[in-house]
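In full-length UniProt numbering, the protein residues as written are 1 to 1229.
From the three backbone atoms N, C-alpha and C, an ideal C-beta is built for every residue, glycine too.
For clarity, every value in this text was computed on a predicted model and none was experimentally measured.
Beneath this line is the structure, given in structure tokens, with notes to follow.
This is the structure in structure tokens:
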């Protein structure tokens, strides 16, 4: 026998010599030929050849030896060794591979590995036996050979993989042998790689990459083909057209305005030297330079060139040997690898084989010029903003605290008029929820900043050149970690009219009709309104981006659109219509409180200011939800507190009633805790049930080798949804009657079921929860859930699918006729031994007749085969029946193949009812969360929300006694936090409090505390205070802290005044404003002047509730006699013997504080003693100087007044003028 030699996988990417090509045709001439196994490691390893009798001995080996062999096979695949302390290298040994020959009967074209192979969990790195895919000149034009040539003599790529897996399963008993350690890359650090999938059970985990003291040769050394090149030493690192001479696919240089950084122009002369498969890779890569390609080869995803560098850096993959960067991993590890890259901000494209070698041969039979490589297509393009969590990914996690949004932004900016207008389209791809908006904005982009504060934007899509510098700066600072895409104007970021045309052409809304929230932006004939051009264009840019990611159909056909309305839009419109005064005096009619980006940040609503995490924030303290969809809704509640008194009171009543029923809350939480993320799973089922996806999507053509695992995942997700809604119906059945007896209107109707089949509209009287019992019963009886969960295939029960039932009935009828025909033949030949024989599709149902009964053979009998003493026949009747049977079986198989999608589509037809149920469950989860917080937190009381017009003579007010900041108090032990009152606009207290006091005395905490308690009350929660009574606020403004924005070119004072301008331009009499140390960014005199003017405007023009903390004592002195202003300070005790020692009381007291005690803070901060002494002396000197200057100014004013009086007397006052002149000279001497 002639042994076949085979180079490593990397050698296939270099054109072989003509000598090597000629040798190839003579290989594998008999079944005794052997194949060398190519392993997934930097070094090629093989075992010693075994004799045939060794296989018999292996079968009798004990289990320990078998486990050792399996572990060894797993280590060889990963290129690792558990013998890390191996003192020396051993020579590689060779073993003979077994070649499994399948009978024609047993040939299996299904690319799913058999279960027995999967159980062994032995992953084998293999290559195609035919090298033509990676060869360039090995096949002449006009030959019948192709990428997988020699199909008659050689095994295909798929069979090669399966045979080697069989080989591992059969040869698993030899004791493990030591292997030579791999050689590390030159000048590279040791990489601790992780396994691609879990190793077989009860086996030691691979914990790293083996190391070796041997150094790899240099990149230009003679041994390069047999070594591993390190990062930066590969071919692609030295290609000028990828670096300094790079051009896009249209030939534009990087400095051209038309340059497209997503593409690259690959020189034709370079491609001529590449293999067919690498040409195919470059064709895809040239269009996706911003994307990492997972390129399917057999059962593995391969990364080449610059993508391999990313795999090495981010995924701890190991370079294959050779000077072309190359690494890879098995198909089953896709979810893990793609998830890691997407989380780190990369885009990942999955390039699948959509053709098998057999399909390639069929295609080539009709082509003049033969194809050398199987077809491959991009089947998905993932990014952090477009991750829909498909069936290939790991199960949906409930750990995500917030939804991740993709933002498409269109801007029109007029520099001359200083006007800016935005069109916005946001989408949460995990749920398919779109939000559309178009609005005007200020020069500071206040509304845009607020949008970024309200939503977690992870990806931004804009036009390439139509974004202003100021907006770019906002995007950069508001979402610094978001990935960005700049689309070409018109061609990719469509205008409004083209967007409408593309929606019509794609038929996104053909099934359910156009969503109302999109129609609100259009005229009757679907022409975009003049004031809606930007938002429709933003939707167009979003659709193009989703279409590039191949998820546009599955998301847009959900028709889940809402209109996003900036929270301050109502107030802005009122001011624009010159109705500011009336709007300010009237009661609130807007639905939600306006929280801008500064307020959300300063009050630490969503994340703390220390490290930006959720821990310690307001939502972290308040959120006690147990479901993922409830958590998302609770964040929406926190960001949108209620404004209308009736709505606030209804929610507070529901929370109070739940809080008084602790057992009921625990029961509800136990029910809800078991539910999966139904909202996201509904979106996934919609995508899987799409007929478009099953026929048009590239995934429908992809050759997946682990399809059974993916099918099982689909079924498990579907069953999780069914069981989740089944549990929800049990919840309505068991607890619904108890809630219906409550006094709260919300609780009465929340779990009250209404009949969906009668077209009843949900309301408080009929109920809000859809009755889904019958729909769930249909899916329960439609298929065997246990069998489907195990096999990944849904076999419908009778009466569920007419097409499947018809096919089954036809099969049963044909089988009955065949049985009846057999009885006729037994009677005609008078032989009861006649039976049917055969299993092959074309040769089955042969009449096996004993020769003794064939004394007179019927004429219609056609001999097919025979065995000793028997002959087998077909007849025209049998052939006709077989034809009918084959047709029925094909119909059944086709119906079965599409059965899962049909079941999903049937379920998705009632999407609106499923989502309505999810929303009810989310509301219940949020109410229980608030009830739990309110009833089980010490010192919480129910706030009293009243109208200012009826309770306080029309003056908005706040009356809080013994209030506590919940977030700060959580960091103290019980009772250590000092409570404080906050009284504005009531009982002789002014609407403004001027707050002074020592540094670190608690002023900022009190300011934030007042806002947070107001916010909690309007969310519908109890608050930590002994009393809380107030009239609702329409907006909370905060100006706290001093910071600059160096990158934005904004100084500390500019930031302060820009935020203050927002307050003065948008506040109404119902607003709550807190200002902390305004004017600190400039000189004392300028700062005092600015602070004074702001206070005057807030008092006289806006007349809103304000808390103003300052260290400008002269400012405080100005308002000592003003009834509209209350003076307060944070108390402290000064040591009478040492005025540097100050004890803070953290308690609000009436009146002003004469000093700020900054020297005391310097002592606490451990400044050097000499610095403190110098500061103390200078402070005293400045104080004396100011006092002296103040005395001189008063005297000057007195003399000036007397001078005026003397001038009025005429000549009689000349002597007085002389005396006054002398006094003036004495003062200024």
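- Distance from the CA atom of residue 986 to the CA atom of residue 916, rounded to whole angstroms, is 44 Å.
- Burial of residue 846 is indicated by the presence of at least 16 other C-beta atoms within 10 angstroms of its C-beta.
- In the structure shown, the three-state DSSP call for residue 267 is coil.
- Here residue 682 really is in contact with residue 721; their C-beta atoms are around 7 Å apart, less than 8 Å.
- In the DSSP assignment, residue 361 falls within the unbroken alpha helix (DSSP H) covering 357-364.
- Counting only runs that start and end inside the region 919-967, the alpha helix (DSSP H) elements of at least 4 residues fall at 948-951.
- In the structure shown, residue 1130 falls within a strand segment according to DSSP collapsed to helix, strand and coil.
- 640 is the residue among 736, 836, 640 and 914 whose C-alpha sits nearest the C-alpha of residue 1020.
- Sequence-distant partners of residue 801 (beyond 5 residues in either direction) whose C-beta falls short of 8 Å from its own C-beta, in its chain, are 895, 899 and 902.
- In this model, residue 772 and residue 559 are separated by some 21 Å (Cα to Cα).
- Secondary structure note for residue 381: its beta strand (DSSP E) is the uninterrupted segment 376-382.
- Note on geometry: alpha-carbon atoms of residue 387 and residue 428 lie some 9 Å from one another.
- Under the DSSP definition of a beta bridge, residue 421 partners with 412 and 440.
- Under the criterion of beta carbons closer than 8 Å, residue 672 and residue 925 qualify as touching, at roughly 5 Å.
- Residue pairing from DSSP leaves residue 284 without any beta-bridge partner.
- In the structure shown, residue 774 falls within a helical segment according to DSSP collapsed to helix, strand and coil.
- Short of 6 Å from the beta carbon of residue 379, and not among the five residues preceding or following it, lie these beta carbons of its own chain, in chain order: 350, 352, 698, 699 and 702.
- Apart from the 5 residues on each side of it in sequence, residue 990 sits with its Cβ closer than 8 Å to the Cβ of 984, 1122, 1123, 1124, 1125 and 1126 in its chain, given in chain order.
- Per DSSP, the continuous alpha helix (DSSP H) segment holding residue 812 begins and ends at 802-829.
- Assignment of residue 461 by DSSP, reduced to helix, strand and coil, places it in the strand class.
- Relative to residue 1077, the option among 1065, 1062, 1057 and 1069 whose CA is nearest is 1057.
- Shown here, residue 680 sits in a helix according to DSSP, grouped into three states.
- Between residue 461 and residue 542, the gap from beta carbon to beta carbon is short of 8 Å.
- Restricting attention to 777, 289 and 504, the CA atom closest to the CA of residue 247 is found in 289.
- Closest in alpha carbon position to residue 285, among 320, 252 and 236, is 236.
- By the Cβ neighbour-count rule, residue 679 is buried, with 16 or more other Cβ atoms within 10 Å of its own.
- Within the region 308-367, the alpha helix (DSSP H) runs of at least 4 residues that lie entirely inside it are, in chain order, 334-343 and 357-364.
- Inter-residue distance for residue 1177 and residue 603 is about 38 Å (C-alpha atoms, whole angstroms).
- Residue environment analysis places residue 549 among the buried positions, since at least 16 neighbouring C-beta atoms fall within 10 angstroms of its C-beta.
- Residue nearest to residue 241 within the set 233, 232, 775 and 253 is 253 (criterion: CA-CA distance).
- Its chain contains 888 as the residues whose beta carbon lies nearer than 6 Å to that of residue 810, once the 5 sequence neighbours on both sides are disregarded; these appear in chain order.
- In the three-state reduction of the DSSP assignment, residue 669 falls in the helix class, which pools H, G and I.
- Taking a cut-off of 8 Å on C-beta distances, the region 612-629 touches the region 918-933, as three or more cross pairs fall below it.
- With a beta-carbon spacing of about 7 Å, residue 449 and residue 596 fall inside the 8 Å limit used to define contacts.
- Take the alpha-carbon of residue 823 and the one of residue 851: they are about 18 Å apart.
- The three-state reading of DSSP puts residue 557 in coil, since its state is none of H, G, I, E or B.
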